[in-house]
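Asks: Heads up: the sequence shown begins at 1 in UniProt numbering, then just goes up one per residue. We put the CB at the ideal spot given by N, CA and C, even for glycine.
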Amino acid sequence: MPPQTRRIATSARGARRKEQIVSAALELFASGGYRGTGITEVADQVGITEPAVLYHFGTKVGLLRAVVEQHAGVSRSFAADVAELGGLAGLREIPGFTRRSIEEPALIKLFAVLLAENFESDAPAHEFFVDHYRALRVSVAALIEAGQERGEIRSDVDPTLKAIEILGALDGIANQWLLDPDGVDFAACIDSYVTALERDLTR
């Protein structure tokens, strides 16, 4: 096998292994939290050694960042897309995104568990979550501003304050669904909230 082909094959194997490790860590962090899960448990789940995990991610914190980025990156990408649409068109995309999210409940649970573990300023992923929510607030505020410029959304709405409210409502519904999935219809709640939100923004 030529050297270049070997390098490509090795790189592909490494990428697959990293995906396996992140997937295992996601499951374990979601069930036991970051603090309650050791690198050894992740390694055992994948069938490799602890040094092999650290080879790919450096530290447990490095693994944590890779895991949360998998979920947060999707959310930020969606927020950026709806901000580009802007206004009511962007708001109306939220229920569809929620339905897709329900298909991966482990990711939603993981995010809630890790967020709860990282409120303190010295927590390993504290700054990550601060930056994540700042980025989301900027995107949602931009969506509202675009709607105001088009005359779709009331001019007296404060985009930043409304963005905070929207994100808080979505997180609150998600948390109640995680606690009581049989008693909370996630998709129906989001549909109802977005419908009420549109009325509030346009009346």
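1) Count the other CB atoms within 10 Å of the CB of Gly-147; is the residue buried (16 or more) or exposed (fewer)?
2) Where does Pro-124 sit, in a helix, a strand or coil, going by DSSP?
3) Could you check what DSSP says for Pro-95 in three-state terms: helix, strand or coil?
4) With burial defined as no fewer than 16 other Cβ atoms inside 10 Å of the residue's Cβ, what is the status of Pro-159: buried or exposed?
5) Apart from the five residues just before and just after Ile-164, which ones in its own chain have a Cβ nearer than 7 Å to its Cβ?
6) I need the DSSP call for Tyr-38, collapsed to helix, strand or coil.
7) Which residues in the same chain as Leu-63 place their Cβ atom closer than 6 Å to its Cβ, once the five residues preceding and following it in sequence are excluded?
8) Rounded to the nearest angstrom, what separates Ile-8 and Tyr-34 at their Cα positions?
9) Using 8 Å as the threshold, is the C-beta distance between Leu-143 and Gly-96 below it?
10) To the nearest whole angstrom, what separates the beta carbons of Ala-174 and Ala-135, a pair I think is in contact under 8 Å?
11) Just checking my contact of Leu-91 with Val-157 at CB under 8 Å: how many whole Å lie between their CB atoms?
12) Short of 6 Å in beta carbon distance, which residues of its chain neighbour Asp-200, apart from the five on each side in sequence? Order them along the chain.
13) Which residue from Val-22, Ala-187, Cys-189, Ile-166 puts its Cα closest to that of Val-61?
14) Do you know whose CA, among Ala-196, Ala-43, Val-140, lies nearest Lys-162's CA?
15) Tell me the DSSP secondary structure of Asp-191 in three-state form.
16) Determine the DSSP secondary structure at Val-138, reduced to helix, strand or coil.
17) Can you have a look at Glu-117 and say buried or exposed, based on whether 16 or more other CB atoms are within 10 angstroms of its CB?
18) Determine whether the beta carbon atoms of Leu-178 and Lys-109 lie at a separation below 8 Å.
Replies: Concretely, from the data shown:
1) buried
2) Of the three classes helix, strand and coil, the one that applies to Pro-124 here is coil, per DSSP.
3) helix
4) buried
5) Arg-137
6) Going by the sequence as given, residue 38 is Gly instead of Tyr. Three-state DSSP puts Gly-38 in coil, outside helix and strand.
7) Contacts found: Ala-25, Phe-57.
8) Legend: pLDDT at Ile-8 = 46, less than 50; position of this residue unreliable, no value from coordinates given.
9) no
10) Ala-174 to Ala-135, Cβ: 18 Å. No contact.
11) Their Cβ separation, rounded to whole angstroms, is 12 Å, which puts Leu-91 and Val-157 out of contact at 8 Å.
12) Closer than 6 Å at Cβ, skipping near neighbours: no residue.
13) Val-22
14) Val-140
15) helix
16) helix
17) buried
18) yes
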